[in-house]
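A.B. asks: Quick one: structure below, then a few questions.
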Ligand SMILES: Cc1cc2nc3c(=O)[nH]c(=O)nc-3n(C[C@H](O)[C@H](O)[C@H](O)COP(=O)(O)OP(=O)(O)OC[C@H]3O[C@@H](n4cnc5c(N)ncnc54)[C@H](O)[C@@H]3O)c2cc1C
């Protein structure tokens, strides 16, 4: 079971990886604890599913990936001078991830 940077979990927009590292470690520990000694691939696959539910699929294509780089550059230039975009996307979503609720830790 691979966690954190080793699993390539840092947020692609910001490069921040502390939260994904901590959360992936918690999810891995939960799956191990609930496996009750059955460490088969089938059982441990639950980790991958929980990870994708929580952080999304890494490497999944987004709409921006299909745009030519000249268009992305000019869009970025315009958007990054917009207070609304910087506040709501760059700060709140890409860095603070305030749209994502805290991970519930099972006891
Ligand atoms: C300059 C810089 C600034 C950053 N700033 C931020 C930030 O502000 N916010 C944020 O969220 N993220 C930031 N990050 C990213 C963040 O540091 C990583 O995403 C996070 O530390 C990943 O945690 P990890 O536990 O997966 O890996 P690591 O923190 O890299 O831990 C891996 C550990 O394994 C040890 N290790 C490696 N090989 C072996 C081995 N063979 N045997 C035993 N031990 C081994 C390493 O020494 C290390 O201690 C920054 C990264 C850098 C480089």
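Numbering (the working numbering), first residue to last: -11 to 95. Positions of the beta carbon are idealized from the N, C-alpha and C atoms, including for glycine.
Between the region 1 to 10 and the region 75 to 83, do three or more beta carbon pairs fall short of 8 Å?
C.D. replies: Counting Cβ pairs under 8 Å, three or more are found: they touch.
A.B. asks: Specify the secondary structure class of residue 1 as computed by DSSP and reduced to three states.
C.D. replies: Residue 1 falls in the coil class under three-state DSSP.
A.B. asks: Would you mind sorting residue -6 into buried or exposed? The rule is 16 or more other CB atoms within 10 Å of its CB.
C.D. replies: It counts as exposed.
A.B. asks: Does the Cβ of residue 19 have 16 or more other Cβ atoms within 10 Å, making it buried, or fewer, making it exposed?
C.D. replies: With 16 or more other Cβ atoms within 10 Å, it is buried.
A.B. asks: Do residue -9 and residue 9 have their beta-carbon atoms positioned less than 8 Å apart in this structure?
C.D. replies: Result yes, Cβ atoms of residue 9 and residue -9 sit closer than 8 Å.
A.B. asks: How would you call residue 99, buried or exposed, if buried means at least 16 neighbouring beta carbons within 10 angstroms?
C.D. replies: The structure shown has nothing for residue 99, since the chain only spans -11 to 95.
A.B. asks: Count the other CB atoms, across all protein chains shown, that sit within 10 Å of the CB of residue 27; report buried if there are 16 or more and exposed otherwise.
C.D. replies: The residue is exposed, with fewer than 16 neighbouring Cβ atoms inside 10 Å.
A.B. asks: Could you pull out every unbroken alpha helix (DSSP H) segment of at least 4 residues lying fully inside the region 22 to 73, listed in chain order?
C.D. replies: Counting only runs of 4 or more, we get 29 to 43, 57 to 67.
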